[in-house]
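Comments concern the structure below.
In this note's numbering, the protein residues as written are 245 to 445.
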């Protein structure tokens, strides 16, 4: 596969606990800079709905109550990545979640002559996250999102995903943004936009 021309915009991995606003901030960044946006869940659902070969394999794992293997998920993301416009950079939302996935993503991008780019980490206290997730569950009528299940999701996040933040730091691409410091969505966005622009000069 021939590598594409070098990105005008760096790729972005958006990273944070459940309820930290990954989807919201991804959409804002994608709109402002005209970037591609790959939301793992959306991409997976689209592959399954469209009955692609990758989608059929993924459905088989889901039907058997199994997690989708990392190599299959990378193939699905690679297919989506290759379909996006060149040169504008891509936001990865919801992937990677483990060090193994991060290493696989890095390899997939390197095969195309591209890099991970920058990791944007949304740091929000668990009290604020709990409030947001319970409120969202109420609005959307999601009875399965109660305090106990949310705490379990936090525990999984801390166990699996926090080591990944250190991996990104070792790669030299970790950029953190704290809700406690920025206070508002607008404050967070302003800080994020400033960092993206300084990284892409």
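Glycine included, each C-beta is placed from N, C-alpha and C at the ideal position.
Comparing C-alpha distances from residue 429 to each of 351, 368 and 321 shows the shortest one belongs to 368. Cα atoms of residue 353 and residue 319: separation of roughly 12 Å, rounded to the nearest angstrom. Of the residues assessed, residue 358 falls on the buried side of the cut-off, its CB having 16 or more other CB atoms within 10 angstroms.
In this structure, residue 389 sits away from residue 399, with a CB-CB distance that is not shorter than 7 Å.
For residue 283, the beta-bridge partners assigned by DSSP are 337. Going by C-alpha positions, residue 422 is about 14 Å away from residue 371. For residue 316, the enclosing alpha helix (DSSP H) begins and ends at 314 to 327.
The Cβ neighbour count for residue 336, taken over all protein chains shown within 10 Å, is at least 16; the residue is labelled buried. Bounds of the alpha helix (DSSP H) holding residue 408 are 406 to 415. Scanning the stretch 369 to 443 for uninterrupted beta strand (DSSP E) segments of 3 residues or longer gives 418 to 422, listed from N- to C-terminal end. Beta-bridge analysis with DSSP links residue 366 to 260 and 421.
According to the DSSP assignment, residue 330 belongs to no alpha helix (DSSP H), since it is labelled neither H nor E. Taking the Cβ atoms as the reference, residue 282 lies roughly 5 Å from residue 324, within the contact range of under 8 Å. Close CB contacts of residue 265 within its chain, under the 7 Å cut and outside five residues either way in sequence, are with 366 (chain order). Proximity to residue 340 across 431, 279 and 284 peaks at 284, based on C-alpha coordinates.
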